[in-house]
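Novice:
In mature numbering (1 follows the signal peptide of the UniProt record, and there is no 0), the protein residues as written are -21 to -1, 1 to 147.
1) Are residue 70 and residue 113 closer than 7 angstroms when you measure CB to CB?
2) When DSSP labels each residue in this structure, what does residue 119 get in the three-state scheme?
3) Ordered along the chain, which non-local residues of its own chain (more than five positions away) have a Cβ less than 7 angstroms from that of residue 1?
4) For residue 119, I'd like the list of residues in its chain whose CB is within less than 6 angstroms of its CB, leaving aside the five on either flank, ordered along the chain.
5) Just to confirm my understanding: we take residue 100, look at its own chain, exclude 5 residues before and 5 after, and list those with CB closer than 7 angstroms. What are they?
6) Classify residue 54 as helix, strand or coil using the three-state DSSP reduction.
7) Hey, residue 93 and residue 74: beta-carbon distance below 7 angstroms or not?
8) Note down the Cα distance separating residue 89 from residue 53, rounded to an integer number of angstroms.
9) Please confirm whether residue 63 and residue 49 have their CB atoms less than 7 angstroms apart.
10) Can you tell me where the beta strand (DSSP E) with residue 75 in it begins and where it stops?
11) Identify which residue in 109, 57 and 65 has its Cα closest to the Cα of residue 27.
12) Keeping to the same chain, check which residues put their C-beta closer than 8 angstroms to that of residue -19; ignore five residues upstream and five downstream.
13) Going by DSSP in three states, residue 26 sits in which element: helix, strand or coil?
14) DSSP on residue 5, reduced to helix/strand/coil?
15) On the criterion of 16 or more Cβ atoms from any shown chain inside 10 Å, does residue 125 qualify as buried, or is it exposed?
16) Tell me residue 41's beta-bridge partners as DSSP assigns them.
17) Considering residue 88, what are the terminal residues of the alpha helix (DSSP H) in which it resides?
18) Is it buried or exposed for residue 16, if we count other Cβ within 10 angstroms and need 16 for buried?
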């Protein structure tokens, strides 16, 4: 085998895992960030409408989801959420960790949501020192930037909160 052939094969073998870990739409397996969430047992409503792509490294779980811009909305006027145009972290079955790009306004402070855990029919959102659990069915529908879940002629869809808030 010539040196040129060897180097070509070596580079192909070296770069092929990188190509496979880039956007999964290339492989035809999972076509959207929403489907990627569902593959790891999360509801698609964790992301707002407008996700335009994602990257996923299946060996480490490192992911990035891309929105068509930053996004914010209120849920029932009580929770204000903000999404940056790029959301990143690590994903595994029922767990999102080291999350960046998503924050919630609590009183007067914007806090980063750093972890999301699915436990049965509950989704727990953590800001580090404290967390809140919500029924899974709150996340079956994707919120829309600007109006959240209140986009249908003023008909508010109730966002249920479990009364128990835990702190770490």
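Every residue, glycine too, gets a C-beta built ideally from N, C-alpha and C. Computed from a prediction, not measured in an experiment: that's the story for all the values here.
Specialist: On the basis of the supplied data:
1) Working through the chain shown from its first residue, we reach residue 70 at position 91. Working through the chain shown from its first residue, we reach residue 113 at position 134. No, Cβ-Cβ distance for residue 70 and residue 113 is not below 7 angstroms.
2) The sequence position of residue 119 within the chain shown is 140, counting from 1. The three-state secondary structure of residue 119, taken from DSSP, is coil.
3) To locate residue 1, count along the chain shown from 1; it is residue 22. At residue 1 the pLDDT is 42, less than 50, meaning the model places this residue with poor confidence and gives no usable figure here.
4) Stepping through the chain shown from its first residue, residue 119 is reached at position 140. Contacts found: 22 and 24.
5) Working through the chain shown from its first residue, we reach residue 100 at position 121. For residue 100, where only same-chain residues beyond five positions count, the Cβ hits under 7 angstroms are 114 and 115.
6) Locating residue 54 in the chain shown gives position 75, where the first residue counts as 1. DSSP places residue 54 in strand when its eight states are reduced to three.
7) Taking the chain shown and counting its residues from 1, the one referred to as residue 93 is at position 114. Taking the chain shown and counting its residues from 1, the one referred to as residue 74 is at position 95. No, they are not a contact pair.
8) As a working mapping, residue 89 is identified with position 110 in the chain shown. As a working mapping, residue 53 is identified with position 74 in the chain shown. Going from the Cα of residue 89 to the Cα of residue 53 covers about 13 angstroms.
9) Against the chain shown, residue 63 aligns to sequence position 84. Against the chain shown, residue 49 aligns to sequence position 70. Using a Cβ distance threshold of 7 angstroms, residue 63 and residue 49 count as a contacting pair.
10) Start at 1 with the first residue of the chain shown, and residue 75 comes out as number 96. Run containing residue 75: 74 to 85, per the beta strand (DSSP E) assignment.
11) Within the chain shown, residue 27 is the residue found at index 48, counting from 1. Among 109, 57 and 65, the Cα nearest to that of residue 27 belongs to 65.
12) As a first step, residue -19 is located in the chain shown; it is residue number 3 there, counting from the start. With a pLDDT of only 37 at residue -19, under 50, the local geometry of the prediction cannot be trusted, and the value read off the model is given with reservation. Within the same chain, residue -19 has no close Cβ partners at all.
13) Taking the first residue of the chain shown as position 1, residue 26 is located at position 47. Here residue 26 sits in coil by DSSP.
14) As a first step, residue 5 is located in the chain shown; it is residue number 26 there, counting from the start. Since pLDDT at residue 5 reaches only 42, below the 50 mark, its modelled position is unreliable, and the value read off the structure follows with that caveat. Helix.
15) Residue 125 sits at position 146 when you count from the first residue of the chain shown. By the Cβ neighbour-count rule, residue 125 is exposed, with fewer than 16 other Cβ atoms within 10 Å of its own.
16) Numbered from 1 along the chain shown, position 62 holds the residue referred to as residue 41. Per DSSP, the beta bridge partners of residue 41 are 69.
17) Along the chain shown, one-based indexing puts residue 88 at 109. No alpha helix (DSSP H) contains residue 88, which is instead part of the beta strand (DSSP E) from 88 to 91.
18) The residue labelled residue 16 in the question sits at position 37 within the chain shown. By the neighbour-count rule (16 or more Cβ atoms within 10 Å), residue 16 is buried.
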